[in-house]
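Asks: Residue numbers (this note's numbering), protein chains in the order written: chain A, 149 to 404; chain B, 135 to 422; chain C, 24 to 267; chain D, 46 to 372.
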Amino acid sequence: MANMSDNNIILRCQGLSKSFGALKAVNNVDLDFESGVVHAIIGPNGAGKTTFINLLSGELQPTEGQIYFKDHDLTNASPNKISQLGIGRSYQKTNIFPKFTCLQNCWIASQSRLKTSMKFFKSAHRDMEVMERAQRALELTHLAMKPEILAANMSYGEQRQLEIAMMLATDPELMLLDEPLAGMGSEEGAEIIELMRDLAKTHTLILIEHDMDAVFAIADQLSVMENGILLETGTVQQIRNSKTVQEAYLGEEETA
Amino acid sequence: MEFSFYLIQLLNGIQYGFLLFLVASGLTLVFGIMDVINLAHGSFYMIGAYLAFWLTGIFGSLFLGIVLAIPLAVALGFVVERLAIAYLYKKGHLHQVLLTYALILIFDEAQRFLWGNDSHGVDIPAALSGSITLTDIQVYPVYRLFVSFVCIVIGVGMFYVIQKTKLGMTIRAGASNRQMTQALGINIERLFTIVFSLGVGLAAFAGMIAAPIDSLYPGMGDNILIISLVVVVIGGIGSIKGAFVGAMIIGVSSIFGKTLFPSMASIVVYAMMAGILIWKPQGLFKSA
Amino acid sequence: MTTGSPGNNTPLIEARGLHTFYGDSHILHGIDITIHKSETVSLIGRNGMGKTTTLRTLIGLAPPRQGTIKVHGRDIKKSKVHKIVHQGIAYVPDDRGIFPNLSLYENLIMAARSGPNGRDDWPLSRVLDLFPRLKERMGHMGNQLSGGEQQMLTIGRALMTNPDLILLDEATEGLAPKLRKIIWAVIKQIKKAGIATVIVDKDIKTLLEISDRNIIIEKGKIIYDGDSEKLIKEPEILKKYVGV
Amino acid sequence: MQKITKPVQLFLLIALGFALWFPSVGDEFYVELLINIMIIAIFAMSLDLLVGYTGLVSLGHAAFFGIGAYGLGIFFGEMNQYSIWAALPVSLILTALAAVVIGWISIRTSGIYFIMLTLALAQMFYYYFFESKLYGGDDGMFISTKPDVNFGSIQLLDLGNEHTFYYFTLGILVVVFLFLVMILRAPFGQVITGICANEQRVRSLGYATQRYKLASFVIAGTLAGLAGFLEAAHTGFITPSYLGWHESGNILVVVILGGLGTLYGPIIGAVALVLLEDFLPDITEHWKIVLGMIIVCVVLFLPNGISSLSGKIFRIPSQIMKTILRG
Chain A
149 MANMSDNNII
159 LRCQGLSKSF
169 GALKAVNNVD
179 LDFESGVVHA
189 IIGPNGAGKT
199 TFINLLSGEL
209 QPTEGQIYFK
219 DHDLTNASPN
229 KISQLGIGRS
239 YQKTNIFPKF
249 TCLQNCWIAS
259 QSRLKTSMKF
269 FKSAHRDMEV
279 MERAQRALEL
289 THLAMKPEIL
299 AANMSYGEQR
309 QLEIAMMLAT
319 DPELMLLDEP
329 LAGMGSEEGA
339 EIIELMRDLA
349 KTHTLILIEH
359 DMDAVFAIAD
369 QLSVMENGIL
379 LETGTVQQIR
389 NSKTVQEAYL
399 GEEETA
Chain B
135 MEFSFYLIQL
145 LNGIQYGFLL
155 FLVASGLTLV
165 FGIMDVINLA
175 HGSFYMIGAY
185 LAFWLTGIFG
195 SLFLGIVLAI
205 PLAVALGFVV
215 ERLAIAYLYK
225 KGHLHQVLLT
235 YALILIFDEA
245 QRFLWGNDSH
255 GVDIPAALSG
265 SITLTDIQVY
275 PVYRLFVSFV
285 CIVIGVGMFY
295 VIQKTKLGMT
305 IRAGASNRQM
315 TQALGINIER
325 LFTIVFSLGV
335 GLAAFAGMIA
345 APIDSLYPGM
355 GDNILIISLV
365 VVVIGGIGSI
375 KGAFVGAMII
385 GVSSIFGKTL
395 FPSMASIVVY
405 AMMAGILIWK
415 PQGLFKSA
Chain C
24 MTTGSPGNNT
34 PLIEARGLHT
44 FYGDSHILHG
54 IDITIHKSET
64 VSLIGRNGMG
74 KTTTLRTLIG
84 LAPPRQGTIK
94 VHGRDIKKSK
104 VHKIVHQGIA
114 YVPDDRGIFP
124 NLSLYENLIM
134 AARSGPNGRD
144 DWPLSRVLDL
154 FPRLKERMGH
164 MGNQLSGGEQ
174 QMLTIGRALM
184 TNPDLILLDE
194 ATEGLAPKLR
204 KIIWAVIKQI
214 KKAGIATVIV
224 DKDIKTLLEI
234 SDRNIIIEKG
244 KIIYDGDSEK
254 LIKEPEILKK
264 YVGV
Chain D
46 MQKITKPVQL
56 FLLIALGFAL
66 WFPSVGDEFY
76 VELLINIMII
86 AIFAMSLDLL
96 VGYTGLVSLG
106 HAAFFGIGAY
116 GLGIFFGEMN
126 QYSIWAALPV
136 SLILTALAAV
146 VIGWISIRTS
156 GIYFIMLTLA
166 LAQMFYYYFF
176 ESKLYGGDDG
186 MFISTKPDVN
196 FGSIQLLDLG
206 NEHTFYYFTL
216 GILVVVFLFL
226 VMILRAPFGQ
236 VITGICANEQ
246 RVRSLGYATQ
256 RYKLASFVIA
266 GTLAGLAGFL
276 EAAHTGFITP
286 SYLGWHESGN
296 ILVVVILGGL
306 GTLYGPIIGA
316 VALVLLEDFL
326 PDITEHWKIV
336 LGMIIVCVVL
346 FLPNGISSLS
356 GKIFRIPSQI
366 MKTILRG
């Protein structure tokens, strides 16, 4: 067990690797995440960012290395256990229940915080605590106006918001956000950025994002990945000034 | 019981395994490449056997019967694929199960309509009717060796086609990424028709050569279907290699099961499958 | 297939009023696109705006509910994907679509064929000259290749079908800068060889440099279609719709 | 769980009214037939919970039907008098246990593997009863008398009376229906419908989905055992074919024919299939060909079953009304 009591570290990865056949999607990553900090991971597509998030959320099992969350060893833990420990995630590719209503989507997320859902007798929608948590998530994401609309009939931007709302409804302590702004217009995007700023006051956020402006606006810490390798970690300013990073990644994007 | 007895059982098991392989390889190809569950696959085995019986009766020669029956069976596969299976590619497994189940009802009843409810047999051709003497009292029929030999030839041929020819490449490509295969200009529908018809041909052919050592009876397709499904699942869906290994495991163990635990013979096979899947839920050789 | 005869001014692709849906979601809202012979066209827009869908619609993988597509002047709306492809269109998808269970060599030759008018400009040797790195890895399986090798392979595989037009979706995405340069150099050679291309990419700068014409898509509609010089002079358009 | 719409509620009430009234006028033959339909309907509803709501396509559901039946036959078949309060729990516990075992093995897999595993494991039970000399082998076994339904020493129901058995079965059908509606509206139902739509997402929300799938499998299996128990009690006869995979296939046909994921669809499907099986043999000896073709047509042209057709029918009058009102 890693010793994390001496500082403010909430999540720690040690020598984390994931291979698909001969391809090393994540290659020996050592990285600590501090509590209460917004930590963004940037890098070109295919750099291994989503694989990295999938390792943290338990959707993939690491080939090598360990993950610790507070006092828990998350290595090889199932996604449901990780969620129950207080790590929520959103997906880059919208992953909602299209045939459920907007509220039902958050409902099923919120209900997961019950001790058990092996309840057969009481109608689900009578549980006020679950209902409140679901509605709060909708309010935070500005979706409270139309809870009865089918998720499939919502606009793309709204679906992206619902994606985040579902994560919020599980009341996580640490949030893994996989490209929350993917494909959003500037207005909708601004709302999400605003929301993330709010959440950052009370939560720890780990964020993958392409939109550099957004990353620089909200992140405290930045890590740069390329070809599965962690190139560098530091504050926004440090990363901006880093030669390696500019050559590998930023340089291209900024001048573009 | 002595060594030669077990040797004979082993030979029988291997020979049965080869037959299962012919049936299961078609099934696993259709699973793996077209993502279609074809429950009617066993019916084609039955149809093959009855075609051989019928044509042998007319022409007096099993070889002639088989030669004539193969194109009939492949043509039937072609028709069934075009008329029914082709509609299933975009549907879920549930509808595939249902439609092919309905095909079983139709084929089984058609068999009763054409050939009645009695059991039938087909004579072993005279040229292959001899036996090889193993010991004073134990002999092994030549025809069974012949069946094994033919299966090996077909198996090797299939391996060559799939691994070495352009058709084989497109078949493997289609199994891993259907859309990309289409986007490279391959007519995937025609590919599916070919694969399905060949699969039907293999199952029917297995029925034909097995006709002289198996008896023909209504509903005989059911047994072979379920055993082949077990083979495919044990081997790993879509894997020809898996189908071969699975067929050998099931072939040998079911023959030994019949001699060693006669009262529970059929259960041995299923228990074995359950065991393997608890150990490896995706089968022994999960295809790429 | 004789429609591609020289001196004929029929566009390679002429699409009118395309409306494409994925299930119930309406992705393309009436798109018109014309691609001429040997033309390099870039398709620009943010994520989720319909760039990939446009490419998939043109090649028939996402058939439109409304609208017409003519390839070499012939309506292909009801044609199957492989028929459209045989008109001389190749597709390089953003996920590369390498067959993991085929060797690199098999990936290259499985679909190799002559072009629509019998041209055979891209034999294996020429493709390998373009990507010397592939030569060393002929026996490797598709899933043993690095991202860069996969990208080279998917472009090489497209060339082996001797196309008149290649649709390139994010061909440089996720590659190290060195590899990106190689891919861009190859795209320039493809342009020089007279093959038309439609390129989707995030590297707007190189796109403007390389393409003859730029199309900007916003929420499933084309909001700009004009040549590169004009677009360079109007940076506010790019700023507004692409955020660059 | 989707809401049961007003027209459907009305339809179900009318159907219930008809079922209550029918024995007072109907021919005994048809009373028999209706009992048969109701048993099949319970069986099919249990499968609908699994296939339609949890998204697990089982091709071995008949195993539980058969085990429920054999539970009655093995322990009570030769008795001249026994209580339903002993017999029914024995059958249900046996099926529940079998469902735990088959379910535990099967739900580790998904897709085609799940279908094949349920099929093969059910066949294992089938062969057990088929080959085992203990329980009559392929000849099956008889049950000498129907269970007593007593409260203390007072007889509540006389199941030997055909009409009483009819109402008893109808009562169980209604209870099973309401039970399924209830659990689908409860938190449990929310989770399994979520699993049906997107299991991976449900897991990432923090649910141990395997447990819910297993629970659903066991509930479905036990209800199928209940149907098997009724069937055995009703006919007084059990054969291994109760567990055979044709029975599993048939019951899937009933569910799809009626309409998947609706609960009332399986009832409609049961009516349709039993009536077809009753009526087709009068036309031709080879009626299974016709039946097969009907199923093929349903799959190709009516993939959402008869209940989707009824939705269309309900829509037509309302369309006409709208046109009239507007005109």
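Glycine residues also receive a C-beta, built at the ideal position from the N, C-alpha and C atoms.
Predicted model only: the values in this text are computed from it and were never measured.
Name the chain A residues whose beta carbon is nearer than 7 angstroms to that of I228(D)?
Replies: Those are F268, listed as they occur along chain A.
Asks: Does any residue of chain D bring its CB to less than 9 angstroms from the CB of N244(A)?
Replies: Here the sequence assigns Ile to residue 244(A), which means Asn is not the residue at that position. It does; some Cβ of chain D falls within 9 angstroms.
Asks: Beta-carbon within less than 6 angstroms of M342(B)'s beta-carbon, same chain only, minus the 5 sequence neighbours each way: which residues are those?
Replies: The answer, listed in chain order, is G182, A186, I200, A203.
Asks: Could you list which residues in chain D have their beta carbon closer than 8 angstroms to that of S397(B), in chain order?
Replies: Those within 8 angstroms of S397(B) in chain D are E176, S177, K178.
Asks: At least one CB of chain D closer than 9 angstroms to the CB of R284(A): is that the case?
Replies: Chain D contact via Cβ: absent.
Asks: So, M338(D) versus I240(B), is the Cβ gap smaller than 9 angstroms?
Replies: For M338(D) and I240(B), yes; Cβs fall inside 9 angstroms.
Asks: Along the chain, where does the alpha helix (DSSP H) containing V185(A) start, and where does it finish?
Replies: Looking at the DSSP string, V185(A) is not in any alpha helix (DSSP H), and its letter there is neither H nor E.
Asks: Going by beta carbon distance, what residues of the same chain come within less than 8 angstroms of T57(C), once the five residues before and after it are set aside?
Replies: Within the same chain, T57(C) has close Cβ partners P34, I36, E37, A38.
Asks: Please state the DSSP three-state secondary structure of M124(D).
Replies: Coil at M124(D), not helix or strand.
Asks: Between the Cα of G73(C) and those of A85(C), R97(C), E62(C), spot the shortest distance and give me the residue it belongs to.
Replies: For G73(C), the nearest C-alpha among the options comes from A85(C).
Asks: Between which two residues does the alpha helix (DSSP H) carrying I80(D) extend?
Replies: Where I80(D) is concerned, the enclosing alpha helix (DSSP H) stretches over 73-93.
Asks: Candidates G162(C), K253(C), T220(C), P123(C): which alpha carbon is nearest M314(B)'s?
Replies: When each option's Cα is compared against that of M314(B), the closest is P123(C).
Asks: Put L233(B) into one of helix, strand or coil per three-state DSSP.
Replies: Residue state, collapsed to three classes: helix.
Asks: Where do the ends of the beta strand (DSSP E) carrying A38(C) lie?
Replies: Per DSSP, A38(C) belongs to the beta strand (DSSP E) from 36-45.
Asks: Let me know the secondary structure DSSP gives N311(B) once reduced to three states.
Replies: Three-state DSSP puts N311(B) in coil, outside helix and strand.
Asks: Which residue's Cα is closest to the Cα of K221(C): H49(C), I67(C), L41(C), F44(C)?
Replies: According to the sequence displayed, residue 221(C) carries Val and not Lys. Selected option, being the one with the closest Cα: I67(C).
Asks: For S352(A), which residues does DSSP report across the bridge?
Replies: In the sequence as displayed, the identity of residue 352(A) is Thr instead of Ser. Answer by DSSP bridge pairing, in chain order: L322(A).
Asks: Among V236(D), L117(D), F187(D), V70(D), which one has its Cα closest to the Cα of A131(D)?
Replies: When each option's Cα is compared against that of A131(D), the closest is L117(D).
Asks: Kindly provide the ranges of any alpha helix (DSSP H) runs that are 4 or more residues long and lie completely inside the segment 209-272 of chain A, ordered along the chain.
Replies: Complete alpha helix (DSSP H) runs here, min 4: 227-233, 250-259.
Asks: Work out the CA separation of F245(A) and L153(C) for me, nearest whole Å.
Replies: When rounded, the distance between both Cα atoms is 46 angstroms.
Asks: If you follow the beta strand (DSSP E) that N237(C) is part of, which residue opens it and which one closes it?
Replies: Unbroken beta strand (DSSP E) run through N237(C): 236-241.
Asks: Which bits of chain B does T279(C) rub up against, with CB to CB less than 9 angstroms?
Replies: No statement about residue 279(C) is possible, as the shown extent of chain C runs from 24 to 267 and does not include it.
Asks: For A196(B), which residues from the same chain have a beta carbon less than 6 angstroms from its beta carbon, with the 5 sequence-adjacent residues on both sides left out?
Replies: Just to set this straight, residue 196(B) is Leu in the shown sequence, not Ala. For L196(B), where only same-chain residues beyond five positions count, the Cβ hits under 6 angstroms are T190, P259.
Asks: If you run the structure through DSSP and keep just helix, strand and coil, what is Y114(C)?
Replies: Strand.
Asks: Let me make sure I understand the geometry here. Which of A377(B), G380(B), M406(B) has the alpha-carbon closest to that of G391(B)?
Replies: Checked all of A377(B), G380(B), M406(B); the closest Cα to G391(B) is M406(B).
Asks: Can you find a C-beta in chain B that's less than 9 angstroms from the C-beta of L84(C)?
Replies: It does: the Cβ of L84(C) has a partner Cβ on chain B nearer than 9 angstroms.
Asks: Leaving out five residues before and five after L78(D) in sequence, what residues of the same chain have Cβ atoms less than 7 angstroms from its Cβ?
Replies: Only V319, D323 meet the Cβ criterion.
Asks: Is it buried or exposed for N175(A), if we count other Cβ within 10 angstroms and need 16 for buried?
Replies: When all chains shown are included, N175(A) counts as buried.
Asks: Near K93(C), what residues of its chain come up, given a Cβ to Cβ distance below 6 angstroms and the 5 sequence neighbours on each side ignored?
Replies: Here the set comprises E37.
Asks: By how many angstroms is the C-alpha of P396(B) removed from the C-alpha of F174(D)?
Replies: The alpha-carbon atoms of F174(D) and P396(B) are separated by roughly 14 angstroms.
Asks: Looking only at C-alpha atoms, which of I148(B), P415(B), M292(B) sits nearest to F280(B)?
Replies: Of the listed residues, the one whose Cα sits closest to F280(B) is I148(B).
Asks: Restricting to Cα atoms, I'd like to know which of I410(B), K414(B), F155(B), I384(B) is closest to A337(B).
Replies: The option with the nearest alpha carbon to A337(B) is F155(B).
Asks: Please specify which runs of the beta strand (DSSP E), each continuous and at least 3 residues long, are wholly inside the segment 220-270 of chain B, giving them in chain order.
Replies: As far as the segment 220-270 of chain B is concerned, its whole beta strand (DSSP E) runs of at least 3 residues are 265-267.
Asks: Using 8 angstroms for Cβ pairs, my map puts F110(D) next to G270(D). What's the rounded Cβ distance?
Replies: Going by Cβ atoms, the distance from F110(D) to G270(D) rounds to 7 angstroms, so yes, they are a contact pair.
Asks: Got a sec? Which residues, its chain only, sit under 7 angstroms from G184(A) by beta carbon, not counting five neighbours each side?
Replies: Cβ within range, chain order: T352.
Asks: Just to confirm my understanding: we take F160(D), look at its own chain, exclude 5 residues before and 5 after, and list those with CB closer than 8 angstroms. What are they?
Replies: Rather than Phe, the amino acid found at residue 160(D) in this sequence is Ile. Within the same chain, I160(D) has close Cβ partners V102, S103, L104.
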